[in-house]
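Structure record follows, encoded as structure tokens.
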Amino acid sequence: MDPNLTKFGALTLLAKDSDEVCKSLFNGLPISPSTRMMGRFGILTSLSHDGLCKYVEISRSQAAQNIVIVISEHFERNLARELPLLISKSEMSDLSCQIVQTLAYLHAQSVIVGYLRSDSVLLVQEDDKLQIKLAQYGLFYLCSGGREVEFSLEDAFYAAPESLRRSFFASYKSDIWALGLILVELAVGKLFSEIWTKQDFTRMIASFVRKSRHESILSLLMTEVSERIGGHYDLDNEIFQMAAACMHPLPSQRPSSDELLRKFFPAAHDNLEVEDDALVRKVDQRNELFYLWKLCGSSVETILINRGIIELKSPLLSVPPSVVDDYNTFSSHSYNTCDLKLNIYMLPDSNLKKRLLEIGQRLLFPSFEYQSKEVESSENPKYVIPTIVKEKDIDYQASRMRTISHLIDSYPCKVNLLHGQTQQDVPPLYRGKIWAALLNVRKDSIDSFVEIDTVSEQPSDRQLQVDIPRCHQYEELMTSPAAHRKLKTLLKAWLFKHPHYVYWQGLDSLTAPFLVLNFNNIPRAYASLDSFINRYLNDFFLKDNSAVIQEYLCVFNHLIGFLDAQLFSHLRKMDFLPELFAIPWFLTCFAHVLPLHKLFHLWDTLLLVDSSFPLFIGVAILAQLRPQLINSHFNDAILLFSDLPDLSIDQVVSDSLDFYHHVPQSCAYRRHATYHLNKDHGRLTDYTVNQLREFHCPRISAHDMLSLMKTDSVLIIDVRSTVEFHRGSLQNSISFPYTDDICDSSFNFIRNVVETAVRNRHMICILDNNHLDHARKLSAELVARSYNRVCILDGGLQSLSAELFTVSS
């Protein structure tokens, strides 16, 4: 990150009222122009070229109506100011080449500038070279040619003849016309606005067009320039030849930007398609810098309000319109306003520079291979705080972004280090790339996206048309038509590639996080979604997924009984089963019930563990809702889950990890889980759903139970008959022959050891023969008495090796 080079500027746009726009393609509801701009902006951020000022962020004003703020890279010098100083012919030729090359790139990306002027050509000194940086090149596209804003994008001094005849009209060829005028200003060393008024200039150009319908107007223009400011100009030099080609009255007779490059700058044309990895890294650094800029000072909107660029009216003057009778609207129309001159205002960067200079070099440029004790001890205890707070700490984020970006650039060579670092937290700016790495997304899976048919009609199209406009509508980006189109593309692509699956409601919510994080990289979003479903939601989207869902719910219910027997018994008593609330949780990995900003933090941890983790997330959510649930009635519980209260996501993550690491892996076993995530020692006997429903607690594998025995952290209760127990039993196990009429007096025999085990957080494992009938009944009794950590040895006595048993004397 080099704060000495990159600066940022803010541009304010006043969008039209939403009642002036057309209807949504999906549900007929009006979509405000500012919302449409939010969706279009993603295309602009994906553009990367040395000749462009990088767009970094768009936001809607929170204090003023219909105002959109656009942030981009910006520089103080521009061509309009520097014209008198640019004397060298070689310098002029180089700048002309850069401008044409940049236009050629934009046109190749289907971007019409539509607002090309000399003062939008910025200049920056890079080494010994003067580099152009084109600004405001995205306004025409962003504002739909000016139709969605309260101002005109036209500048009479650079407007092509066809643009003057038709309002809001622009094309690639109108950009070429504006380029010709800029080249003339560059060669003359003076702006047309310094020679003529707008009215005089447009009348003069109109007369030239009438006189020269079939040839360039350059000679006529230069005659007028000579009369006004004097001087003799050689129209045969390269710049004037290029300008002459650009200034033909007929758009069809003007060359394209690619043709200009090929004719006047063939060497630059040959390098047009070269991929530059260094440029991509520069773009990432600009994004990093602006993210850090936001953490170290005032908000952009506050700065613009203080400067008077955004003018806030009195609240009394901003009263919403009144609607009466047949939708007649009455209001003062005295809304908050912004500067309509399309000027870019430089944002102050002194705070950012100061803070970056204060950060130690070792934190910004870590060495993973040779970490010194000083670096290892540099983690300050103050960072053991909630993730949301760490994301606001500029020192911490600067260090983390440098660390993570280095590991991402090294992927897959340092994938283990990346896993280790992301256990700490995930920098928001790199979340999309990190998730792709954690999901093992490879380049071939990304490249294969282009082969997928996302156009042909599918059975799910009608349901998608209903669901997509409602998906995460609180998120500004997700309300835009661009987001709707891209979400539909992702869903159709996934369904096309998985014909054995169908669209279940909730799949759209599951897809949305990957879309938001990869808005400009739909192939990576698709590959991440596909890998995520394979890993965590195997077979959830089968046409008949009842066996998968019901097994999931049964295992979840067992874990509730294992970790909170009292809550389990209460829910069971009022017949409030997981089927009533948990299906949307697990079908979407909580994407349907949590806002995206909380879901991101949750999935940051989920992607580091296996497919059993969502079960523990569910238990953690219940633990947080326990005070309301434990004394609730059925209707109260229904209302609670229909609108979940604000959950502490850090607490959910912390509790989930605690459960995940302390509950034996086999207790969360599911036969429908992705195979490679089920360790051999964690496999259990496969039961039907009806059989699983008879259990009140989980089963445990012999491997996991023996591991607990080695650490003396399990109480084994043998429920076989006394005769069987004396024939062979596990060391330190307790014989408690099960009878169908367990009463308090008989239970007193094991009460003390059970309560001691519970106090010590030891597990209580019930040992039976392989039918497990008695074990199930005793476990139900223990859970009903609110004893936690009860489980049953899967397969019973027969699952253990004979040499483990001792014979009683």
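Heads up: the sequence shown is residues 1243 to 2051, going by the numbering used here.
We put the CB at the ideal spot given by N, CA and C, even for glycine.
Next item on the list: Could you work out which residue in Q1373, H1349 and I1688 is closest to L1321 when comparing CA atoms only?
Entry: Sequence index remark: in the sequence shown, residue 1321 carries index 79 (1-based). Ranking Q1373, H1349 and I1688 by Cα distance to L1321 puts Q1373 first.
ask   = Do I1802 and L1809 come within 8 angstroms of each other at the CB atom, strictly closer than that value?
value = Counting from 1 along the sequence shown, the entry for residue 1809 is found at position 567. Counting from 1 along the sequence shown, the entry for residue 1802 is found at position 560. Cβ distance < 8 angstroms, so L1809 and I1802 count as in contact.
**Asked** How many angstroms separate the CA atom of P1623 from the CA atom of A1725?
**Response** To locate residue 1623, count along the sequence shown from 1; it is residue 381. To locate residue 1725, count along the sequence shown from 1; it is residue 483. Residue confidence is low: P1623 scores 44 on pLDDT, short of 50, so the model does not pin down where it sits. Its coordinate-derived value is still stated next. Distance between the alpha carbons of P1623 and A1725 is about 40 angstroms.
- Query: Would you call the CB atoms of V1961 and P1979 closer than 8 angstroms?
  - Reply: By one-based count along the sequence shown, residue 1961 stands at place 719. By one-based count along the sequence shown, residue 1979 stands at place 737. Result yes, Cβ atoms of V1961 and P1979 sit closer than 8 angstroms.
Could you check what DSSP says for V1895 in three-state terms: helix, strand or coil?
Counted from its first residue, the sequence shown places residue 1895 at position 653. Here V1895 sits in helix by DSSP.
Q) K1258 by DSSP, collapsed to three states: which one? A) Reading the sequence shown from its first residue, position 16 is the one you call residue 1258. In this structure, K1258 counts as coil in the three-state DSSP scheme.
| said: Closer than 8 angstroms is the cut-off here; do at least three beta carbon pairs connect the segment 1747–1760 with the segment 1821–1841? | reply: yes
*With a cut-off of 8 angstroms on the beta carbons, I'd call F1738 and L1805 a contact; round off their distance for me.*
For this step, residue 1738 is matched to residue 496 along the sequence shown. For this step, residue 1805 is matched to residue 563 along the sequence shown. Actually they are not in contact, since the Cβ atoms of F1738 and L1805 sit about 41 angstroms apart, beyond 8 angstroms.
How big is the Cα-Cα spacing for T1248 and D1888?
As a first step, residue 1248 must be located in the sequence shown, where it is residue number 6. As a first step, residue 1888 must be located in the sequence shown, where it is residue number 646. Between T1248 and D1888, the C-alpha separation is close to 39 angstroms.
Less than 7 angstroms between C-beta atoms, sequence neighbours within five positions excluded: which residues of the same chain meet that for N1593?
If you number the sequence shown from 1, residue 1593 lands on position 351. C1538 and G1539.
Practice task
Can you grab the Cα-Cα spacing for the pair E1718 / M1280, in whole Å?
Solution key: On the sequence shown, position 476 is the one that residue 1718 refers to. On the sequence shown, position 38 is the one that residue 1280 refers to. Between E1718 and M1280, the C-alpha separation is close to 7 angstroms.
Within this structure, are the beta carbons of T1927 and G2037 separated by less than 8 angstroms? Position 685 of the sequence shown, counting from 1, holds the residue named residue 1927. Position 795 of the sequence shown, counting from 1, holds the residue named residue 2037. Cβ distance < 8 angstroms, so T1927 and G2037 count as in contact.
Measuring only the C-alpha atoms, how far is Y1778 from Q1792?
In the sequence shown, the residue the question calls residue 1778 occupies position 536. In the sequence shown, the residue the question calls residue 1792 occupies position 550. Roughly 16 angstroms between the two C-alpha positions.
Review point. How far does the beta strand (DSSP E) with E1368 in it reach, from first residue to last?
Key: Translated into the one-based positions of the sequence shown, residue 1368 becomes position 126. Segment V1363 to E1368, the beta strand (DSSP E) holding E1368.
In the DSSP output, which residue or residues are listed as bridge partners for S1301? As a first step, residue 1301 must be located in the sequence shown, where it is residue number 59. I1311.
key: Residue range of the beta strand (DSSP E) that includes L2035   = What you label residue 2035 is simply residue 793 of the sequence shown in a count that begins at 1. Note, L2035: beta strand (DSSP E), V2032 to L2035.
Open item on the list: I'd like to check one pair, L1462 with F1450: are the Cβ atoms closer than 8 angstroms?
Closed with: Locating residue 1450 in the sequence shown gives position 208, where the first residue counts as 1. Locating residue 1462 in the sequence shown gives position 220, where the first residue counts as 1. Taking 8 angstroms as the Cβ cut-off, F1450 and L1462 qualify as a contacting pair.
* In three-state DSSP terms, what is Y1743? -> For the purposes of this step, residue 1743 is identified with residue 501 of the sequence shown, where counting begins at 1. If DSSP states are grouped into helix, strand and coil, Y1743 belongs with the strands.
- [ ] Pair every Cβ in the segment 1758–1770 with every Cβ in the segment 1892–1907, then say whether three or more of these pairs are closer than 8 angstroms.
- [x] no
Which first and last residues belong to the alpha helix (DSSP H) in which D1334 is found?
-> As a first step, residue 1334 is located in the sequence shown; it is residue number 92 there, counting from the start. Note that residue 1334 is Met in the sequence shown, not Asp. K1331 to A1350 is the span of the alpha helix (DSSP H), which, as asked, contains M1334.
To the nearest whole angstrom, what separates the beta carbons of M1588 and G1251, a pair I think is in contact under 8 angstroms?
Stepping through the sequence shown from its first residue, residue 1588 is reached at position 346. Stepping through the sequence shown from its first residue, residue 1251 is reached at position 9. Indeed, because the Cβ distance is near 5 angstroms, the residues count as touching under 8 angstroms.
| said: Considering just the uninterrupted stretch of the alpha helix (DSSP H) at Q1483, what are its terminal residues? | reply: Position 241 of the sequence shown holds residue 1483. Here the alpha helix (DSSP H) through Q1483 covers E1480 to C1488.
> Do you know offhand how far L1649's Cα is from V1657's?
Replying inline: In the sequence shown, the residue the question calls residue 1649 occupies position 407. In the sequence shown, the residue the question calls residue 1657 occupies position 415. Near 8 angstroms, if we compare the C-alpha coordinates of V1657 and L1649.
If you draw a straight line from the C-alpha of S1288 to the C-alpha of K1595, how long is it? Your numbering for residue 1288 matches position 46 in the sequence shown. Your numbering for residue 1595 matches position 353 in the sequence shown. Straight-line Cα distance between these residues: approximately 26 angstroms.
Contact belief for V1353 with Y1400 at Cβ below 8 angstroms, rounded distance in angstroms: Position 111 of the sequence shown, counting from 1, holds the residue named residue 1353. Position 158 of the sequence shown, counting from 1, holds the residue named residue 1400. No, V1353 and Y1400 are not in contact; Cβ-Cβ is about 17 angstroms, not under 8 angstroms.
Exercise for the section: Grab the span of the beta strand (DSSP E) containing Y2007 for me, first residue to last. Expected result: On the sequence shown, residue 2007 is found 765 positions in, with the first residue counted as 1. Strictly speaking, residue 2007 in this sequence is Cys, with Tyr absent from that position. Per DSSP, C2007 belongs to the beta strand (DSSP E) from M2005 to L2009.
Using three-state DSSP, classify Y1625 as helix, strand or coil. Your numbering for residue 1625 matches position 383 in the sequence shown. Summary for Y1625: the model assigns pLDDT 43, below 50, so the residue's position carries little reliability, and this model does not support an answer.
- Message: Once DSSP output is grouped into helix, strand and coil, what is the label at T1731?
- Response: One-based indexing of the sequence shown puts residue 1731 at position 489. If DSSP states are grouped into helix, strand and coil, T1731 belongs with the helices.
Kindly confirm or deny that the segment 2038–2050 and the segment 1991–2000 touch, where touching means at least three C-beta pairs closer than 8 angstroms. no
Task: Best match in P1275, L1972, Y1533 and I1341 for proximity to A1420 [C-alpha to C-alpha] - done: Taking the sequence shown and counting its residues from 1, the one referred to as residue 1420 is at position 178. Residue I1341 is the option with its Cα nearest to A1420.
What residue does the alpha helix (DSSP H) around L1813 start on, and which one ends it?
-> Here residue 1813 corresponds to residue number 571 of the sequence shown, with the count starting at 1. Looking at the DSSP string, the run of the alpha helix (DSSP H) that includes L1813 is A1807 to K1815.
- Less than 8 angstroms between the CB atoms is what I'm expecting for H1742 and S1498, so what's the real figure, rounded? Counting from 1 along the sequence shown, the entry for residue 1742 is found at position 500. Counting from 1 along the sequence shown, the entry for residue 1498 is found at position 256. Not quite, the Cβ-Cβ distance comes to about 48 angstroms (not below 8 angstroms), so this is no contact.
### Query
If we count the other Cβ atoms within 10 Å of its Cβ and call it buried at 16 or more, is K1785 buried or exposed?
Taking the sequence shown and counting its residues from 1, the one referred to as residue 1785 is at position 543. Result: exposed.
Q) With DSSP run on the structure shown, which of helix, strand or coil describes D1982? A) Counting from 1 along the sequence shown, the entry for residue 1982 is found at position 740. Looking at D1982 - three-state DSSP - the assignment turns out to be coil, as it is neither helix nor strand.
Checking 8 angstroms against the spacing of the C-beta atoms, do F2064 and L1848 come in under that value? No information on residue 2064 is available, as it lies outside the stretch 1243 to 2051 that the chain covers here.
Assuming the contact rule is C-beta atoms closer than 8 angstroms, C2033 and P1940 should be a hit. Round their C-beta distance to whole Å, please. To locate residue 2033, count along the sequence shown from 1; it is residue 791. To locate residue 1940, count along the sequence shown from 1; it is residue 698. Right, their Cβ atoms sit about 5 angstroms apart.
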